[in-house]
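Residue numbering for the first sequence follows this note's numbering, starting at 1352 and increasing by one per position.
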Amino acid sequence: MPELPEVEAVAVALRANLTGRRLDGIRVPFAGVLDQSVRRTRSALVGRILSGVHRHGKYLILAFDPEESVDVEAGEIASNCLMIHLRMTGQIFIQDDYTPDKHVHVILDFAGLPVHYRDIRKFGRLTLVDDPITPSALSHVGPDMLEVRFTSWLDRVADRRAPIKAMLLDQGIAAGLGNIYVDESLFLAGVHPLSRPVDLTRDELHEIWRRAKQVLRLAIRHGGTTFLNFANFHGKPGNFRRKLRVYGRAGQPCRDCRNELVKIQVAGRSSVFCPLCQPAR
DNA sequence: AAGATTACCTGAAGGC
DNA sequence: TGCCTTCAGGTAATCT
1352 MPELPEVEAV AVALRANLTG RRLDGIRVPF AGVLDQSVRR TRSALVGRIL
1402 SGVHRHGKYL ILAFDPEESV DVEAGEIASN CLMIHLRMTG QIFIQDDYTP
1452 DKHVHVILDF AGLPVHYRDI RKFGRLTLVD DPITPSALSH VGPDMLEVRF
1502 TSWLDRVADR RAPIKAMLLD QGIAAGLGNI YVDESLFLAG VHPLSRPVDL
1552 TRDELHEIWR RAKQVLRLAI RHGGTTFLNF ANFHGKPGNF RRKLRVYGRA
1602 GQPCRDCRNE LVKIQVAGRS SVFCPLCQPA R
């Protein structure tokens, strides 16, 4: 499941290998993953130079050099970027010897370098957007979890009554955390996933915010977590999986206290935690 | 109006 | 062996 660290790994690799290259063509074996038509997507992007690669939360944004034919002063909006969300099972491969299978839905041909978009469950989307940094398509998404300041984040959660786990998963509050890193963050902070922000102290909330950033940065350094469906740019697995404290370890002993880890449902998601290290309030 | 639930998809895994 | 059910979870849409 690609979350912020996995998307960051893809962004770094694409940036290093594709910046300055021209997009020669787009092949679309399955158009259902495109938000716009194949014709519209091709006419907006083919022939243009990739100028930069950005990431916001779990969103990946490929920015192209400005299109001179668009009359901005006349109110025309340029589709300067391709925004990609991998959702559950999206993968991006670039190696030359990769043979597309039935799950490869889009191939971006960058000056002879094929970039394969593969997605078993077809949840991911590729969307034409206007601005590379603050696209209007992301107006409902909050600040990146790695960037948000504590006071800003606190303002967004302090008066909420849903479980803290639901708040951390809510991309409108801060973007980037998914089920894996939320469970890891709450374990490190020693907070029960059902705790409500209104019942937590400012110090406890600060610890959650700090641990979330810490676990994201650590996962980035390890190339992300390979669980079921993520592989990085070169098809190599990330190696953060063996560092996981609670995710995927229900029934196994807590790495700190050896008590058995428990799985419950919170915000519609399976949630693994340690009843001793993360006591209910 | 926030919070909760469901739809979207496919493959792996477990039960019998 | 094979059929069936359950589970996995990011986001948008739809409920209460």
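From the three backbone atoms N, C-alpha and C, an ideal C-beta is built for every residue, glycine too.
Item: Presumed contact (8 angstroms Cβ cut-off) between glycine 1541 and cysteine 1432, rounded CB distance; Value: Rounded, the Cβ-Cβ distance is 41 angstroms, inconsistent with contact.
Item: Buried/exposed call for lysine 1594, threshold 16 Cβ in 10 Å; Value: exposed
Item: Whether phenylalanine 1444 touches arginine 1476 by CB criterion (8 angstroms); Value: no
Item: Beta carbon of leucine 1612 nearer than 8 angstroms to that of glycine 1619; Value: no
Item: Phenylalanine 1624 versus Pro1544, Ile1571, His1467, Ile1559, residue with shortest Cα-Cα distance; Value: Pro1544
Item: DSSP state of phenylalanine 1578 mapped onto helix, strand, coil; Value: The predicted position of phenylalanine 1578 is uncertain, since its pLDDT is 47 and thus under 50; no value can be drawn from it.
Item: CB-CB length for phenylalanine 1381 against leucine 1401, believed under 8 angstroms; Value: Their Cβ separation, rounded to whole angstroms, is 23 angstroms, which puts phenylalanine 1381 and leucine 1401 out of contact at 8 angstroms.
Item: Start and end residues, alpha helix (DSSP H) containing arginine 1561; Value: 1553-1572
Item: Per DSSP, cross-strand counterpart(s) of proline 1459; Value: For clarity, residue 1459 is leucine in the given sequence; the question names proline instead. DSSP, once it has assigned bridges, lists Ile1377, Val1466 as partnering leucine 1459.
Item: Inter-residue Cα distance where the pair is threonine 1502 and glycine 1589; Value: 32 angstroms
Item: Extent of the continuous beta strand (DSSP E) run through tyrosine 1449; Value: Looking at the DSSP string, tyrosine 1449 is not in any beta strand (DSSP E), and its letter there is neither H nor E.
Item: Validate contact between the stretch 1488-1495 and the stretch 1388-1402 using beta carbons, cut 8 angstroms, 3 pairs; Value: no
Item: Contacts around aspartate 1452, its chain only, beta-carbon distance under 8 angstroms, and the 5 residues preceding and following it disregarded; Value: Arg1469
Item: Tyrosine 1532 (DSSP reduced to helix, strand or coil); Value: helix
Item: Per-residue DSSP class, three states only, for threonine 1646; Value: As shown, the chain starts at 1352 and ends at 1632. That puts residue 1646 outside it, with no answer to give.
Item: Outcome for phenylalanine 1581 when other beta-carbon atoms lying within 10 angstroms are tallied against a minimum of 16; Value: Because phenylalanine 1581 carries a pLDDT of 41, less than 50, the predicted location of this residue cannot be relied on, and no value is offered for it.
Item: Residue environment, valine 1457, which counts as buried when at least 16 other CB atoms sit within 10 Å; Value: buried
Item: Terminal residues of the alpha helix (DSSP H) in which valine 1361 lies; Value: 1355-1369
Item: Identity of the residue in Arg1366, Glu1357, His1454 nearest lysine 1409 by Cα; Value: Glu1357
Item: Assigned exposure category for threonine 1552 - 16 Cβ within 10 Å defines buried; Value: exposed
Item: Exposure of aspartate 1607, with buried meaning 16 or more beta-carbon neighbours within 10 Å; Value: exposed
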